[in-house]
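full-length UniProt numbering puts the first residue of the sequence shown at 1, with every later residue one more than the last.
Note that the Cβ used here is the ideal one computed from N, Cα and C, for glycine as well.
Some notes on the structure that comes next.
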Amino acid sequence: MSTSNPATEADETSRKPVVAIVFGGRSSEHAVSCSTAASVLRAIDRDRFDVVPIGIAQDGRWVLVADDPEPLQLTADHTPSVQGDTTALLSADPGAREVMVFAPNEPPRRLTTVDVVLPLLHGPFGEDGTLQGLLELADTRYVGSGVAASAVMMDKALMKVVFSAAGLPVGPHVVIADKEWRRDKAACLDSAASLGMPVFVKPARAGSSVGVVKVDQPADLEQAIETARESDPKVLVEAAIAGREVECGVLEGHGSDPARASKIGEITVTGDRHTFYDFEAKYLDSDAQLTCPADLPGEVAEEIRRLSVKAFEAAGCEGLSRVDWFYEAGTGLMLNEINTMPGFTPSSMFPRVWAESGLDYPSLITELIELALERRTGLR
């Protein structure tokens, strides 16, 4: 005898998918993640999806937050952060996919079943495979790359190993591990200086240009490395590459379809406040301008698109990625990095290049959720 409830089954098939938007996190990019969540909360198609906003506070607590984008907006006068005293936890029981909430002086209660998680976390403890591993254990679908691609692409040093093995062009660089620095600073400084000046010193496993320092003379290397080490004890030193900064968005294909590349965007930093595309230029000032499509020879644009898809596939990415390049006429292309969870406000480069390619911001959010709903979890 069947024990199913026809009314319950009808409700299950007719209800809208529930999307848990997870943001904030323990990394230095907490505020950027909050700002991204604000944009997505404004734009997500409420006729197609129900939304549960879950913030991760800077101390690691998971908090049920109000479905209100205003407190999460990042401006020059306001740095947002996750606040709240109602704990929200995703069930670790494979197949349950429940959100449980624990409010002060109230019994625990089940809030909802989640169909897909949209992780809008940047940097460590979110973009680096840690959250992805948690969701895999819980058998829960999520937007974006899996554990391995997220972890390796977060580590810019390992990223270069993968791209080199795939025959993609990467620039000269030196990796300074924590133990190497503590054991012999002089040798590390000599190795970094051997790249020539200028160089860029950056944390190996951070993003949004946090902790990145441009160094024009060897005497400034030590302080730059110490600055980078505040975000990550593993440091990457890269030779400066002359060229135009161009970016390409990549989206996973549906089913067995190949990945898709956007039109090419070019970043230009104007004014005299920034010598490169740093955190303030990205998020707080109006000095970074995007031109899309970039003014490039047709064959160069097509090569960037082709190689961006190749990088996406070599890394094993899923869902979305932004692929960053340097281009210099006569010299060619140099791959800078892949970002598996790029900045995702409407003014961020990834949504803008897709908007210029015919996929507006709300439609891009829908596309990413639908791609995640199609995917199987784990290795099945």
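Beta-carbon proximity list for G253, same chain, < 8 Å, skipping 5 on both sides = A259, R260
Measure the alpha-carbon distance for A308 versus P124 and round it to whole angstroms.
-> Checking the sequence shown, residue 308 turns out to be Ser, not Ala. Take the alpha-carbon of S308 and the one of P124: they are about 24 Å apart.
Those residues which DSSP pairs with M154 across a bridge | As DSSP reads the structure, M154 sits in no beta bridge.
If you count every other CB in all the chains shown that lies within 10 Å of the CB of R205, and 16 or more means buried, which is it?
-> buried
Rounded to whole angstroms, what's the CA-CA distance from G95 to M349? Just pull it up for me.
-> 36 Å
Just grab the DSSP bridge partners of residue 428 for me.
-> This structure gives no information on residue 428, because the portion of the chain shown stretches from 1 to 380.
Taking the CB atoms as reference points, tell me whether T340 and S321 lie closer together than 8 Å.
-> yes
In three-state DSSP terms, what is C248?
-> strand
Check whether the Cβ atoms of V82 and C34 sit closer than 8 Å, and answer yes or no.
-> Their beta carbons are under 8 Å apart, which means V82 touches C34 by this criterion.
Is the stretch 244 to 253 in contact with the stretch 163 to 181, if contact means three or more CB pairs nearer than 8 Å?
-> no
Examine the Cβ distances between the stretch 133 to 143 and the stretch 49 to 63 and report whether three or more of them are shorter than 8 Å.
-> No: fewer than three Cβ pairs fall under 8 Å.
Does the beta-carbon of E245 have 16 or more other beta-carbons within 10 angstroms, so that it is buried, or is it exposed?
-> buried
Distance, A88 Cα to K202 Cα = 34 Å
Cα-Cα separation between L135 and E328, rounded to whole angstroms | 41 Å
Sort out for me which residues DSSP pairs G265 with in a bridge.
-> E247
Which residues in the same chain as T113 place their Cβ atom closer than 7 Å to its Cβ, once the five residues preceding and following it in sequence are excluded?
-> The residues are V18, R97, E98.
From what residue to what residue does the beta strand (DSSP E) around F344 run?
-> First-last for F344: undefined, no H or E at that position.
Could you pull out every residue in the same chain whose Cβ sits closer than 7 Å to the Cβ of P193, ignoring the five residues on either side in sequence?
-> It is worth fixing the name first, because residue 193 is Ala in this sequence and not Pro. Around A193: P218, L221.
Host beta strand (DSSP E) of L236 (start-end) | 235 to 239
Distance between beta carbons of G129 and residue 399, contact taken as under 8 Å | As shown, the chain starts at 1 and ends at 380. That puts residue 399 outside it, with no answer to give.
With a CB to CB cut of under 7 Å and the five nearest residues on each side skipped, what residues in its chain are close to R110?
-> E98, M100
Are the Cβ atoms of A242 and V199 separated by less than 8 Å?
-> Taking 8 Å as the Cβ cut-off, A242 and V199 do not qualify as a contacting pair.
Just the C-alpha distance for D67 and A187, rounded to the nearest angstrom, thanks.
-> 52 Å
Please name the residue or residues paired with E328 in a DSSP beta bridge.
-> G332
Using the rule of at least 16 other Cβ atoms within 10 Å of the residue's Cβ for burial, across every protein chain shown, is S231 buried or exposed?
-> Its Cβ being crowded by 16 or more others within 10 Å, S231 is buried.
Does DSSP put G298 in a helix, in a strand, or in coil?
-> In the structure shown, G298 adopts helical secondary structure according to DSSP, grouped into three states.
Reducing DSSP to helix, strand and coil, say where F276 ends up.
-> With a pLDDT of 48 at F276, under the threshold of 50, the modelled position of this residue cannot be trusted; read the value that follows with caution. Coil at F276, not helix or strand.
Should V215 and A315 be called a contact, given that it needs their Cβ atoms to be closer than 8 Å?
-> no
Between which two residues does the alpha helix (DSSP H) carrying F23 extend?
-> Per DSSP, F23 belongs to no alpha helix (DSSP H); it is in the beta strand (DSSP E), 18 to 24.
So the alpha helix (DSSP H) Q254 belongs to, where does it begin and stop?
-> Gln is not the amino acid found at residue 254; the sequence shown has His there. No alpha helix (DSSP H) contains H254, which DSSP labels as neither H nor E.
Assign L118 to buried or exposed, taking buried as 16 or more other Cβ atoms, counted over all protein chains shown, within 10 Å of its Cβ.
-> Counting the other CB atoms within 10 Å of its CB gives L118 a total of 16 or more, which places it among the buried residues.
Proximity winner among D45, L74, I54, relative to V65 (alpha-carbon distances) | Comparing Cα positions, the closest option is I54.
Determine the extent of the beta strand (DSSP E) in which F200 is found, giving its start and end residues.
-> 199 to 203
Beta carbon of V22 nearer than 8 Å to that of L120 | yes
Quick one: Cα of G378 to Cα of G24, how far?
-> Annotation: G378 to G24 spans about 25 Å, alpha carbon to alpha carbon.
Option nearest R61 by Cα separation, candidates A224, L90, R352 | L90
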